[in-house]
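Numbering of the sequence shown is given in numbering that gives the first Met the number 0, commencing with residue 0 and proceeding in unit increments.
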Amino acid sequence: MNIQTLLTDKINQAMRAAGAPQESDALIKQSAKVQFGDYQANGIMAAAKKLGCLPRQLAEKVVEQLDLTGIVEKVDIAGPGFINLFLDKHWLAKQSELALADSKLNLTITDHPQTVVVDYSAPNVAKEMHVGHLRSTIIGDATVRTLEFLGHHVIRANHVGDWGTQFGMLIAYLEKMQNEHAEDMALSDLETFYRAAKKYYDEDAQFAEKARNYVVKLQGGDAYCAQMWRKLVDITMTQNLATYQRLNVTLGIEDTMGESIYNDMLPGIVADLKNRGLAVENEGATVVYLDEFKNKDGDPMGVIIQKRDGGYLYATTDIACVIYRYEKLKADRILYYTDSRQHQHLEQVWLIAHKADYIPDSLKLEHHMFGMMLGKDGKPFKTRSGDTIKLNDLLDEATERAAILIRQKNPDLTEAELNQIVDAVAIGAVKYADLSKNRTTDYVFDWDNMLAFEGNTAPYLQYAYTRVFSIFKKANIALDSVTGEILIDDEKERALATRLLQFEEAVEAVAKEGLPHILCAYLYDIATLFSSFYENCPILTAATEQQKQSRLKLAALTARTLNIGLTMLGIKTIEKM
Ligand code: ARG
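Right, here's the structure in full:
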């Protein structure tokens, strides 16, 4: 149940009945201050302007037409023509009951499931995942989990960088390694592997020649090269899958849709774009000139789709990829999680695909881009020696730091308990620190903040969950077996219940725009509201049995909301910490 949608429908109806123009909208928002009620309608002024009447007069007419009996207990007209709405506490109680009784908290499960392709993580073969892949991986995964929860058909697309001319040098290097160091062929350090291959390529002419030769062979389908290539991909993906598991990310091997799978489509696309007059030859290369993008001289920008040596580019693959997702995967919507530097690239790819009529306008293409992770000095987050930080090193450090903190707080835990808590807290803290920031901007990575037990952090929310949970343990009842009815009397009960019922509005920000920071802020609100409810409204020592049951139910709804919300974010809850 979405209160905002419900009120929007009702007020829009009343606005029509009061003579407001058809297209005007009530603009319902959650109120920022209690004196403005729970929600307010901000759309009256604009509608009145169109009608040429006084906003307050229109507001009065709208309120006359408004039927919110049983939902709202008070309606105020304020200022130039705002309508403030105060929700009815009996209605809040009833809606809380409905949420609690439903395994999905009474969220609106879609009756028009969309096929949504989510392009995320996308590491590169023979390289270790670094902090840049963290953002794509976890923001994408939060969206995937949320969309699936709401009933959509989600296809995870891990657009792994597994193709390109660099594979010649990688195969040549793998071969060299196998011949010279067959025993330590674990490739445990992919980063060194890639760098070493590049070094040979740059310094050893014979090696470079062989590498170039292997590119041609690989592209021509040569069995030996294909087998070596497979090995490189497998080793990399085995390592990445272990990282996904560690990160509690839902990507599996079956979600790998690397660049290589589009290889066969590329020649046909280049030929077709030429036939349509969209692509032209320029000094041996094939280029699509786009009027919509200008280069620094103010001329149409050229996107190269085939190099002079016949090689294809990142853009060519992405054109094939969008066609594939539309035609084969039957996508209604495609979400791309890459950093903002790839924005122009994607816009150009989509524009070319539209111009060639490969995809219709109805296909929704969204780049959910993000900024960078910065160090405390405000510069891109790097190691002391200036290298990019490997994801696994970051997670190791988080685990070490969390272990120290948790051990200090709970010296009596068994080793197994400790490990479980440390894992949830360490990984949760890193993920939450990222997810709780607006993805559109850069953010500063700060160990102390993310592991703090106070403030908008994973440990704080995980701890809040354990506190609610412990009330039930103390009372010796299960979360789902509270009887009685929810009664809302105290202001703290009201505030908590109202916010609990706004869960869907927060979830929508993730599903529609891929903005998990809104869900994070919401869960943080829930945890703080619960805390002041708990301080002011005794639960186990409530005045009456009826009140005790009611408060236990609000506590149960809090626990379930925190649990489902954190699960959508890919963050584990624990029962004690
Ligand atoms: N592999 C790329 C990188 O590491 C990201 C791929 C994003 N997806 C896409 N369809 N281009 O930057």
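Positions of the beta carbon are idealized from the N, C-alpha and C atoms, including for glycine. Being a predicted model, the structure only gives us computed values, none of them experimental.
Beta strand (DSSP E) segment containing residue i, residue limits
i	result
Thr285	Ala284 to Lys293
Met256	First-last for Met256: undefined, no H or E at that position.
Leu334	Arg332 to Tyr335
Tyr38	Tyr38 to Ala40
Ala278	Ala278 to Asn281
Gln29	Ile27 to Gln29
Minimum C-alpha distance to residue i - residue among the options
i	options	result
Val467	Thr497, Ala526 and Pro112	Ala526
Arg340	Lys73, His89 and Gly131	Gly131
Ala284	Gly310, His516 and Thr164	Gly310
Thr142	Ile573, Thr566, Met576 and Leu417	Thr566
Leu551	Ile517, Leu495, Ala510 and Gln501	Leu495
Gly18	Leu5, Ser30 and Pro54	Pro54
Gly427	Gly569, Pro515, Asp479 and Lys511	Gly569
Asn475	Ser30, Ala423, Ala508 and Leu539	Leu539
Glu365	Gln347, Lys354 and Asp376	Gln347
Ile137	Lys103, Leu26, Tyr243 and Tyr313	Tyr243
Asp87	Leu57, Gly36 and Ser120	Gly36
Leu189	Gln177, Asn123 and Thr164	Asn123
Thr237	Ala125, Ala415 and Tyr323	Ala125
Gly139	Gln546, Ala510 and Ile517	Ala510
Asp24	Ser30, Asp8 and Tyr38	Asp8
Asn212	Ala171, Ala196 and Asp233	Ala171
Gly76	Lys93, Ser120, Glu414 and Gln56	One detail in the question is off: residue 76 reads as Ile in this sequence, not Gly. Checking every option, the nearest Cα to that of Ile76 belongs to Gln56.
Ile318	Lys295, Lys354, Asp308 and Asp445	Lys354
Val286	Ala270, Gln3 and Tyr459	Ala270
Phe81	Ala92, Ala58, Asp101 and Glu63	Ala58
Asn281	Gly267, Lys363, Lys295 and Val302	Val302
Ile268	Tyr459, Ala451, Leu312 and Lys491	Leu312
Pro537	Asp489, Leu518 and Ile517	Asp489
Leu561	Ala542, Pro458, Leu486 and Glu544	Pro458
Helix, strand or coil at residue i [DSSP, three-state]
i	result
Ala355	coil
Asn1	coil
Leu501	In the sequence as presented, Leu is not what sits at residue 501; that position holds Gln. The answer is coil: DSSP assigns Gln501 none of H, G, I, E or B.
Phe85	strand
Arg307	coil
Arg383	coil
Gly588	No statement about residue 588 is possible, as the shown extent of the chain runs from 0 to 576 and does not include it.
Glu414	helix
Phe444	coil
Pro266	helix
Val115	strand
Asp8	helix
Val321	helix
Leu373	strand
Gly139	helix
His151	coil
Asp479	helix
Gly251	coil
Nonlocal neighbours in the same chain, by C-beta distance under 7 Å from residue i, ignoring five residues either side
i	result
Thr482	Gln548
Val153	Val115, Val117, Val143, Leu146 and Glu147
Gly69	Asp87 and Trp90
Arg406	Leu417
Asp524	Arg498
Ser135	Tyr119, Ser120, Ala121, Tyr336 and Thr337
Spatial neighbours of residue i in its chain, beta-carbon cut-off 6 Å, leaving aside the 5 residues before and after
i	result
Met371	Pro379 and Asp441
Ala578	Summary: the structure shown does not reach residue 578, with the chain confined to residues 0 through 576, and so no result is reported for it.
Lys306	Ala284
Phe292	Met300
Leu331	Sequence check: residue 331 is Asp here, not Leu. So the qualifying residues of the chain are Gln113 and Thr114.
Ala580	The structure shown does not extend to residue 580, since the chain is modelled only from 0 to 576, so the question has no answer here.
Residue i - containing alpha helix (DSSP H), residue span
i	result
Gln548	Glu544 to Met567
Leu362	Here Leu362 belongs to no alpha helix (DSSP H), and DSSP marks it neither H nor E.
Tyr464	Ala457 to Ala474
Lys230	Ala222 to Arg245
Ala77	Note, Ala77: premise wrong, no alpha helix (DSSP H); beta strand (DSSP E) at Val71 to Ala77.
Val61	Pro54 to Gln64
Ile388	Run containing Ile388: none; DSSP gives neither H nor E here.
Leu173	Gln165 to Glu179
Asp201	Leu189 to Glu202
Ile43	Ile43 to Leu50
Asn535	Pro515 to Asn535
8 Å contact criterion, which residue i and residue j should meet: CB distance rounded
i	j	result
Phe85	Glu72	5 Å
Leu272	Ile304	7 Å
Pro112	His151	5 Å
Tyr223	Ala210	At roughly 14 Å, the Cβ-Cβ gap does not stay under 8 Å, so Tyr223 and Ala210 are not in contact.
Closer than 7 Å: residue i CB and nearest the ligand SAM heavy atom
i	result
Tyr335	With respect to the ligand SAM, the structure offers nothing, as its ligand set consists of the ligand ARG.
Cut-off 8 Å between Cβ atoms - residues of its own chain near residue i, not counting five sequence neighbours on either side
i	result
Tyr462	Phe452 and Met576
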